[in-house]
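Inspection log for the structure reproduced underneath, given as structure tokens.
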Amino acid sequence: MPQEGIGRTVQSAIYRAGAFGRRPAVPTDGTQLEAAARKVMSKRGFAYVAGSAGSEASADGNVAAFSRWRTVPRMLVDTTERDTSVELFGRRHESPLLVAPVGVLSMADDAADLAVARGAREQRVTPILSTQASVPMEDVARALGGSGHWYQLYWSSNDELVESLVARAEACGSDALVVTLDTAYLGWRPRDLDLGHLPFARGEGIAQYTSDPVFQRLVRERLAAAKPSARPRPTPAAVATLLSMSRNHPGDTRHNLTAPEPRAAVETFLDVFSRPSLTWDELPRLRSLTSLPIVLKGILHPDDARRAVDVGVDGVYVSNHGGRQVDRSVAALDALPGVVEAVRGTGSQAPIIFDSGIRCGADVFVALALGATAVGIGRPHVYGLALAGADGVSEVLRNLRAELDLQLALTGCTSLADLTPDRLVRAD
Numbered sequence: 133m134p135q136e137g138i139g140r141t142v143q144s145a146i147y148r149a150g151a152f153g154r155r156p157a158v159p160t161d162g163t164q165l166e167a168a169a170r171k172v173m174s175k176r177g178f179a180y181v182a183g184s185a186g187s188e189a190s191a192d193g194n195v196a197a198f199s200r201w202r203t204v205p206r207m208l209v210d211t212t213e214r215d216t217s218v219e220l221f222g223r224r225h226e227s228p229l230l231v232a233p234v235g236v237l238s239m240a241d242d243a244a245d246l247a248v249a250r251g252a253r254e255q256r257v258t259p260i261l262s263t264q265a266s267v268p269m270e271d272v273a274r275a276l277g278g279s280g281h282w283y284q285l286y287w288s289s290n291d292e293l294v295e296s297l298v299a300r301a302e303a304c305g306s307d308a309l310v311v312t313l314d315t316a317y318l319g320w321r322p323r324d325l326d327l328g329h330l331p332f333a334r335g336e337g338i339a340q341y342t343s344d345p346v347f348q349r350l351v352r353e354r355l356a357a358a359k360p361s362a363r364p365r366p367t368p369a370a371v372a373t374l375l376s377m378s379r380n381h382p383g384d385t386r387h388n389l390t391a392p393e394p395r396a397a398v399e400t401f402l403d404v405f406s407r408p409s410l411t412w413d414e415l416p417r418l419r420s421l422t423s424l425p426i427v428l429k430g431i432l433h434p435d436d437a438r439r440a441v442d443v444g445v446d447g448v449y450v451s452n453h454g455g456r457q458v459d460r461s462v463a464a465l466d467a468l469p470g471v472v473e474a475v476r477g478t479g480s481q482a483p484i485i486f487d488s489g490i491r492c493g494a495d496v497f498v499a500l501a502l503g504a505t506a507v508g509i510g511r512p513h514v515y516g517l518a519l520a521g522a523d524g525v526s527e528v529l530r531n532l533r534a535e536l537d538l539q540l541a542l543t544g545c546t547s548l549a550d551l552t553p554d555r556l557v558r559a560d
């Protein structure tokens with residue numbers, strides 16, 4: 133007898149538990165999930181995760197774009213057995229989900245990236261580790277135990293640091309390198325600005341840097357070149373920032389409180405974070421640094437997609453950073469069909485990853501039907517993390533897997549290969 137799919141299995145488990153008065157640890161509805169997370173997160177933490185650029189029209193547009201599509205179910209198809217697996221860069225994935233890179237996860241839970249790794253591993257979903265992580269990549273890779281991960285790179289203004297981060301990603305077993313292109317500068321984010329809050333200035337989310345030997349050398353050089361200066365008069369806010377820097381810097385917090393390294397590390401990070409001068413001409417050099425598959429993240433224009441294929445990258449990632457960078461940007465889902473047509477028009481079968489606006493399994497279905505190979509889950513997994521740690525991450529990913537599985541079954545699909553554009557129609 134065929135095994136029951138994950139959709140029925142999860143659904144049945146929730147209903148059976150409910151009969152004994154036990155409800156899910158995290159809401160199964162994406163809107164309620166965000167509302168629940170807001171209640172438990174700090175004001176700064178929630179603003180950083182939920183906030184977007186400018187008027188937040190891009191973030192709203194990402195979600196609204198899915199409402200412009202409707203699914204057309206087909207009947208009398210044997211859907212007893214369903215296959216939601218996909219192959220990406222030589223590894224078979226049980227589902228088309230990836231955990232999108234999100235920085236400063238310590239603002240949602242103290243275990244941060246380690247908790248996300250445990251939750252993702254439980255659901256056999258590959259996480260993309262952020263450069264702005266709260267935990268060094270080597271520690272997260274150990275927690276994953278070889279279950280697979282990708283590494284997301286912010287291209288620093290320091291070439292040696294880029295080389296070191298790439299080498300570390302390769303050494304700790306990353307399956308792919310995801311280069312984020314849309315963050316040469318931080319977008320104008322009113323929620324953070326109105327709070328005067330940049331987590332990196334408090335030493336949060338820079339663990340990949342403070343654990344890096346090249347970055348550590350840059351900090352030492354900064355301190356050696358520094359001239360004595362008078363200490364500013366302490367204020368409660370300054371003391372809180374110093375405590376945050378000290379806690380987040382490697383080593384003993386008490387020692388860090390009086391040591392110059394934590395502050396110098398923050399200042400060094402702010403100097404080297406990004407490279408606004410980055411162009412297509414740099415990509416061959418990146419290829420010379422690693423044998424890992426290279427995926428370009430932030431592609432929205434068909435011409436950029438074609439050029440990415442022409443220069444030999446291994447994958448294209450359609451994303452507008454969840455609306456966090458450019459206000460009134462084209463919705464990522466609206467850009468997806470054009471990018472798919474451009475890439476496939478070159479004859480390339482390179483995987484096309486998608487994120488921005490995914491809130492439920494039906495959203496995943498639509499993105500896949502429009503040509504995405506796999507789909508990244510961003511804010512929802514962070515909300516699950518805030519509500520219930522690793523278990524919350526696992527539950528969010530489990531629910532998305534289950535809903536997608538049932539969506540396939542109820543629309544007459546038995547595998548991801550069935551998800552083609554003719555499964556959708558435009559809404560009126």
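Residue numbers (this note's numbering): 133 to 560. Glycine included, every Cβ here is placed at the ideal spot set by N, Cα and C.
For residue i, which residues in the same chain have their Cβ closer than 8 Å to its Cβ, ignoring the five residues on either side in sequence?
i, result
"isoleucine 338", "Gln264, Phe332, Asn380, Ala397, Val398 and Phe401"
"glycine 183", "Arg321, Pro322, Arg323, Asp324 and Arg456"
"proline 434", "Gly470, Val471, Glu473 and Ala474"
"methionine 133", "Any reading at methionine 133 must be qualified, since the residue scores a pLDDT of 37, below 50, and its modelled position is unreliable; the value itself is stated next. Counting only Cβ-Cβ distances below 8 Å, and skipping sequence neighbours, we find nothing."
Please report how far the alpha carbon of residue i lies from the alpha carbon of residue j, in whole angstroms.
i, j, result
"leucine 519", "arginine 417", "42 Å"
"arginine 439", "alanine 316", "19 Å"
"glutamine 255", "threonine 390", "43 Å"
"serine 526", "cysteine 492", "15 Å"
"alanine 358", "leucine 297", "26 Å"
"isoleucine 146", "phenylalanine 152", "10 Å"
"asparagine 388", "alanine 157", "37 Å"
"glutamine 164", "lysine 171", "11 Å"
"aspartate 554", "aspartate 446", "27 Å"
"aspartate 245", "arginine 253", "12 Å"
"alanine 149", "arginine 155", "7 Å"
"serine 497", "proline 382", "Note on residue identity: the sequence assigns phenylalanine, not serine, to residue 497. Those two C-alpha atoms are separated by around 42 Å."
"leucine 327", "alanine 169", "19 Å"
"serine 376", "proline 368", "12 Å"
"threonine 552", "leucine 208", "18 Å"
"serine 187", "alanine 308", "34 Å"
"alanine 243", "leucine 415", "34 Å"
"alanine 301", "methionine 269", "7 Å"
Which one or two residues does DSSP pair with residue i in a beta bridge?
i, result
"arginine 202", "Val557"
"glycine 508", "Leu230"
"proline 359", "Here residue 359 is lysine; the residue named in the question, proline, does not match the sequence. BP columns for lysine 359 are empty, so no partner."
"valine 218", "His225"
"proline 259", "Val231"
"valine 404", "According to DSSP, which records beta bridges pairwise, valine 404 is partnered with nothing at all."
"phenylalanine 486", "Val450 and Val507"
"tyrosine 283", "Leu261 and Leu309"
"valine 471", "Note: valine 471 sits in no beta bridge, so no partner."
"isoleucine 138", "According to DSSP, isoleucine 138 bridges with nothing at all."
For residue i, which residues in the same chain have their Cβ closer than 7 Å to its Cβ, ignoring the five residues on either side in sequence?
i, result
"alanine 185", "Gly319, Trp320, Arg321, Gly455, Arg456, Gln457, Val458 and Asp459"
"serine 306", "His281, Trp282, Tyr283 and Leu424"
"valine 557", "Arg202 and Val204"
"leucine 468", "Val450, Phe486, Ala499, Leu502, Gly503 and Ala504"
"leucine 313", "Leu428, Lys429 and Gly430"
"threonine 160", "Asn531"
"serine 144", "none"
Please state whether the Cβ-Cβ distance between residue i and residue j is less than 8 Å.
i, j, result
"alanine 464", "valine 475", "no"
"valine 404", "asparagine 531", "no"
"isoleucine 431", "valine 311", "no"
"glycine 508", "leucine 276", "no"
"glycine 137", "alanine 541", "yes"
"alanine 179", "arginine 323", "yes"
"proline 366", "serine 378", "no"
"glycine 591", "alanine 240", "Here the chain comprises residues numbered 133 to 560, so residue 591 is not present and cannot be evaluated."
"alanine 494", "arginine 200", "no"
"leucine 529", "glycine 251", "yes"
"leucine 517", "leucine 237", "yes"
"serine 614", "valine 441", "Within the shown structure, residues of the chain are numbered from 133 to 560, placing residue 614 beyond reach of any answer."
"serine 217", "arginine 224", "yes"
"serine 227", "arginine 533", "yes"
"glycine 521", "alanine 167", "no"
"proline 512", "glycine 235", "no"
"leucine 355", "proline 392", "yes"
Could you give the C-beta distance for residue i and residue j, rounded to a whole number, given that I count them as a contact under 8 Å?
i, j, result
"valine 448", "valine 471", "6 Å"
"aspartate 344", "leucine 261", "The pair is not a contact, with the Cβ atoms about 14 Å apart (cut-off 8 Å)."
"valine 450", "isoleucine 484", "6 Å"
"leucine 421", "glutamate 295", "6 Å"
"asparagine 452", "serine 488", "5 Å"
"proline 259", "alanine 249", "6 Å"
"alanine 197", "aspartate 436", "19 Å between Cβ atoms; not a contact."
"threonine 543", "arginine 214", "So it is not a contact: roughly 11 Å between Cβ atoms."
"glycine 510", "alanine 232", "4 Å"
"leucine 410", "tryptophan 287", "5 Å"
Flag residue i as yes if its beta-carbon sits less than 8 Å from any beta-carbon of chain C, otherwise no.
i, result
"threonine 160", "As a matter of chain content, chain C is missing from the structure shown, which is built from one protein chain."
Under 6 Å Cβ to Cβ from residue i, same chain only, skipping five residues before and after it: list those, please.
i, result
"methionine 173", "Ala518"
"valine 346", "Glu292, Leu293 and Ser296"
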